[in-house]
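**Student:** Take the sequence shown: its letters are residues 27 to 140, numbered as in our numbering.
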Amino acid sequence: QVRLVESGGGLVQPGGSLRLSCAASGLIFSINSMAWYRQAPGKERELVARITSGGSTNYADSVKGRFTISRDNAKNTVYLQMNSLKPEDTADYYCNVVLGRNHWGQGTQVTVSS
Numbered sequence: 027q028v029r030l031v032e033s034g035g036g037l038v039q040p041g042g043s044l045r046l047s048c049a050a051s052g053l054i055f056s057i058n059s060m061a062w063y064r065q066a067p068g069k070e071r072e073l074v075a076r077i078t079s080g081g082s083t084n085y086a087d088s089v090k091g092r093f094t095i096s097r098d099n100a101k102n103t104v105y106l107q108m109n110s111l112k113p114e115d116t117a118d119y120y121c122n123v124v125l126g127r128n129h130w131g132q133g134t135q136v137t138v139s140s
């Protein structure tokens, strides 16, 4: 079955950087679009970034110019490079793929605070 495992979250000061990773298994990774979502306390889960099998990307307006999504098909891994982090980026971050239905990882927590 599809399995997504996120890593790389943590506590970082405003203006800092983090790189999240999502290792995928149980699917033909290279042909699937992958996405990162986030959910802040008391808020709905929202799309952060998506990357297609061909490498095209799209981002939420709130992260454009600061976050970069990328993929390594040889490693079945999708990344989210987060720069210039702000307190409002604090959330649980989830990897996502749609294969008949939404598949989610367990999430990784990102806290941006001084």
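All residues carry an ideal CB built from backbone N, CA and C; glycine is no exception.
What is the C-beta distance between valine 138 and leucine 111, in whole angstroms, given that I count them as a contact (C-beta under 8 Å)?
**Tutor:** 5 Å
**Student:** Here's the rule: buried if 16 or more other CB atoms are within 10 angstroms of the residue's CB, otherwise exposed. What is asparagine 122?
**Tutor:** buried
**Student:** So, at 7 Å on beta carbons, what are the nonlocal neighbours of alanine 117 in its own chain, with the 5 sequence-adjacent residues on each side left out?
**Tutor:** Arg64, Gln65, Ala66 and Val136
**Student:** Starting from the N-terminal side, write out each stretch of the beta strand (DSSP E) that is 3 residues or longer and does not extend beyond the segment 56–128.
**Tutor:** Restricted to the segment 56–128, the beta strand (DSSP E) segments that are unbroken, complete and at least 3 residues in length are 60–65, 72–77, 83–85, 93–98, 103–108 and 117–125, listed in chain order.
**Student:** When you compare only the Cα positions, how much space is there between serine 56 and tryptophan 130?
**Tutor:** 17 Å
**Student:** In its own chain, which residues sit with a C-beta less than 6 Å from the C-beta of leucine 37, not counting the 5 before and 5 after it?
**Tutor:** Thr137
**Student:** Which word fits asparagine 84, buried or exposed, when buried means at least 16 other C-beta atoms lie within 10 angstroms of its C-beta?
**Tutor:** exposed
**Student:** What separation, rounded to the nearest whole angstrom, lies between the Cα atoms of isoleucine 54 and glycine 41?
**Tutor:** 36 Å
**Student:** Restricting to Cα atoms, I'd like to know which of Arg127, Leu46 and Ala50 is closest to threonine 94.
**Tutor:** Leu46
**Student:** Could you pull the start and end residues of the beta strand (DSSP E) that glycine 36 belongs to?
**Tutor:** DSSP places glycine 36 in the uninterrupted beta strand (DSSP E) bounded by 36–38.
**Student:** If we ignore side chains and look at the alpha-carbon of each, how far apart do aspartate 98 and cysteine 48 end up?
**Tutor:** 10 Å
**Student:** Using 8 Å for Cβ pairs, my map puts serine 51 next to arginine 29. What's the rounded Cβ distance?
**Tutor:** 5 Å
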